[in-house]
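>
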DNA sequence: CGGGTACTTGACAATGGTCAAGTGTGGTGG
DNA sequence: CCACCACACTTGACCATTGTCAAGTACCCG
């Protein structure tokens, strides 16, 4: 099972054994806090099953989701290499099984095997790319653009014009850097213009051209 | 000189030699493009002297600065480990001397020496932390908050209430995710309320308490 | 001294957030 | 099995923040 985690791909058997011996297996119910911003990090986490959101909170309680973590993905690695404290919060949004990997054992391993270091570099680079895109969208695009980009992303994932949201609309709003009211209004307008159709959490793309134009920053009036 | 670059700190002499043999020394005038978003990466860069901005552009030409690069810092490493293409643009804002490090030689070295891998992990982690803070500010705070946080950061850097901007106000606006007009107005209001004084690019903190409250998301009316 | 760039200021428009009051809807306990 | 409750979502009226457009001033560099 540990061998299926991308981060540990390519590791020699004896090192996989060491990984297995180091980790602690934990189970969380939906809605539980896994780690909190500012907390000293004793290690990092790998999600085996379930779903986790990584997010920031404003002083007034508004939430910005940075990204979601799915099975096989790790989170909370940043303080292993700099700072020592978590830069954001992590909370389960489904019942989840999580492996905890203590700091010292991991740093030993990463010093010993360049494969693990390269895997980690690949993971952090991917994350940096995601964050760059998020900054771009928040700063340079309006909410309809961000929503259009997200719908197109979902559509490309399952290669279909029918896309199902696997998160609540409230969470989608938080991921897009807005609030449920605004998202609801924009979905309503897109629906009225027959760009998409909306049935609960089921969306259908009706006019891909307009979505693509919007995602690129187009000023189509919705 | 190469030994002074944080990324290469702790490397054995023979490996430093290899670094020196691999790099290409380049000089750029102010305002020149070093790399462009989407371009295939043949290697990455280390700034020796001068200053570089890393930024994204919207389709309408608005710019969001992600961060600045100072002497001794590297940039353009992300595609070494994932994707193969640069996620953003880099342009000199001063005459700069830049080392270019080709991909293959670097990957060889990083596989051979865990020190280099750890240095790179530290660098990417630091960057990820920066980006997380940028997302937080863009999404959860208003422009006066971001400006206050930036002024306090500058003040903590040189441990003084007198801070000098080392960039133009236009660039500061782009870094804060706004436009020069808005920045100008907010500086004007802060000045009128005697929170700071503004003389060209020289700022002086007059009321630190209010700045700190603003930076934390406070709703002080300016 | 001249020209371009950086910066400022004003009037206006629009995006999106706030507050308030609904309308479903699914899951749980009686 | 159904009623009810909590929660997700929607809709409306309003307003704050910030961006746009336009014009003008200051300032630095050659």
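Chains as they are written, first to last, in my numbering: chain A, 14 to 235; chain B, 14 to 235. Every residue gets a Cβ at the ideal spot worked out from N, C-alpha and C, and that includes glycine.
What does residue 140 of chain A touch in chain B if you count any residue whose Cβ is under 7 Å from its own?
Simply 141.
> Between the C-alpha atoms of residue 182 of chain B and residue 167 of chain A, what's the straight-line distance to the nearest angstrom?
Approximately 39 Å between the Cα atoms of the pair.
> Of the residues that make up the segment 183 to 199 of chain A, which ones have a beta carbon closer than 8 Å to any beta carbon in chain B?
Taking 8 Å as the Cβ-Cβ cut-off against chain B, the residues of the segment 183 to 199 of chain A that qualify are 190.
> Rounded to a whole number of angstroms, what is the C-alpha to C-alpha distance between residue 78 of chain B and residue 145 of chain B?
If I take the Cα positions, the gap works out to 14 Å.
> Residue 176 of chain A and residue 227 of chain A look like a contact to me (Cβ under 8 Å); what is the Cβ gap, rounded to whole Å?
No, residue 176 of chain A and residue 227 of chain A are not in contact; Cβ-Cβ is about 15 Å, not under 8 Å.
> For residue 74 of chain B, count neighbouring C-beta atoms within 10 Å of its own C-beta (all shown protein chains included) and say buried if the count is 16 or more, exposed if not.
Label assigned to residue 74 of chain B: exposed.
> Would you kindly report the start and end of the unbroken alpha helix (DSSP H) that includes residue 124 of chain A?
It spans 116 to 125 - the alpha helix (DSSP H) in which residue 124 of chain A sits, taken as one unbroken run.
> Cutting at 6 Å between CB atoms, please list the residues of its own chain near residue 162 of chain A, excluding the five before and the five after it.
Result list for residue 162 of chain A: 228, in chain order.
> Taking residue 137 of chain A as the reference, give the member of B:157, B:156, B:95 and B:165 with the closest Cα.
Closest by alpha carbon: B:95.
> Considering only residues of the same chain and omitting the five flanking positions on each side of residue 42 of chain A, which have a CB-CB separation below 8 Å?
Hits under 8 Å: 105 and 108.
> Taking just the CA atoms, how far does residue 210 of chain B sit from residue 204 of chain B?
Between residue 204 of chain B and residue 210 of chain B, the C-alpha separation is close to 5 Å.
> Closest to residue 66 of chain B by CA distance: which of B:85, B:102, B:72 and B:28 is it?
Closest by alpha carbon: B:102.
> Give, in chain order, every residue of the segment 44 to 71 of chain B whose Cβ lies closer than 8 Å to some Cβ of chain A.
Per Cβ criterion, the list reads 69, 70 and 71.
> For residue 150 of chain B, which residues of its own chain have a beta-carbon under 6 Å away from its beta-carbon, when the five flanking residues on both sides are left out?
Closer than 6 Å at the Cβ level, and outside the excluded window around residue 150 of chain B, lie 159.
> Assuming residue 56 of chain B contacts residue 113 of chain B under a Cβ cut-off of 8 Å, what Cβ separation, rounded to an integer in Å, is found between them?
That pair is a contact at about 6 Å.
> Nearest CA to the CA of residue 30 of chain A: which residue from A:213, A:81 and A:14?
Of the listed residues, the one whose Cα sits closest to residue 30 of chain A is A:14.
> Go through its chain and collect everything with a Cβ distance to residue 214 of chain A's Cβ below 7 Å, but skip five positions before and after it.
Same-chain partners within the cutoff: 177 and 178.
> Could you please give me the residues that DSSP links to residue 104 of chain B through a beta bridge?
Note: residue 104 of chain B sits in a beta bridge opposite B:46 and B:66.
> Report the partner residues of residue 76 of chain A according to the DSSP bridge assignment.
Answer is A:70, bridged to residue 76 of chain A.
> With respect to the alpha helix (DSSP H) encompassing residue 201 of chain A, which residues constitute its N-terminal and C-terminal limits?
Segment 193 to 205, the alpha helix (DSSP H) holding residue 201 of chain A.
> Does the beta carbon of residue 3 of chain A sit closer than 8 Å to a beta carbon anywhere in chain B?
Any property of residue 3 of chain A remains undetermined from this structure, which presents chain A solely from 14 to 235.
> In terms of residue numbering, what span does the alpha helix (DSSP H) encompassing residue 22 of chain A cover?
Careful: residue 22 of chain A lies outside any alpha helix (DSSP H) and carries neither H nor E.
> Give, in chain order, every residue of the segment 84 to 106 of chain A whose Cβ lies closer than 7 Å to some Cβ of chain B.
Correct list: 91, 94, 95, 96, 100 and 101.
> Against chain B, does residue 145 of chain A count as a neighbour if the rule is that its beta carbon must be under 8 Å from one of theirs?
Yes, contact with chain B.
> Counting only C-beta atoms, is residue 152 of chain B closer than 8 Å to chain A at any point?
Yes - at least one Cβ of chain A is within 8 Å of the one on residue 152 of chain B.
> So is residue 137 of chain B in contact with chain A if we call contact Cβ pairs under 8 Å?
With 8 Å as the cut-off, residue 137 of chain B counts as an interface residue toward chain A.
> Please report the distance separating the alpha-carbon of residue 123 of chain A from that of residue 90 of chain B.
Going from the Cα of residue 123 of chain A to the Cα of residue 90 of chain B covers about 20 Å.
> Tell me where the beta strand (DSSP E) around residue 218 of chain A begins and ends.
Element bounds for residue 218 of chain A: 215 to 218.
> How many whole angstroms separate the CB atoms of residue 54 of chain B and residue 99 of chain B, which I take to be in contact at a CB cut-off of 8 Å?
At roughly 6 Å, the Cβ-Cβ gap stays under 8 Å, so residue 54 of chain B and residue 99 of chain B are in contact.
> Could you check whether the Cβ of residue 24 of chain A sits closer than 8 Å to any Cβ belonging to chain B?
Cβ-Cβ to chain B under 8 Å: no for residue 24 of chain A.
> Can you name the residues of chain A whose CB is closer than 7 Å to the CB of residue 77 of chain B?
Residues of chain A passing the Cβ test: 148, 149, 152 and 153.
> Using 8 Å as the limit for Cβ to Cβ distance, is residue 127 of chain A near chain B?
Yes, because at least one Cβ of chain B sits closer than 8 Å to the Cβ of residue 127 of chain A.
> Quick one, which of B:110, B:126 and B:218 has its alpha-carbon nearest residue 173 of chain B's?
Among B:110, B:126 and B:218, the Cα nearest to that of residue 173 of chain B is on B:218.
> With DSSP as the reference, please indicate the residues paired to residue 158 of chain A in a beta bridge.
None; residue 158 of chain A has no bridge partner.
> Based on the DSSP secondary-structure assignment, which residues constitute the bridge partners of residue 209 of chain B?
Answer by DSSP bridge pairing, in chain order: B:218.
> I need the straight-line Cα distance from residue 207 of chain B to residue 164 of chain B, nearest angstrom please.
Spanning the two alpha carbons is a distance of roughly 14 Å.
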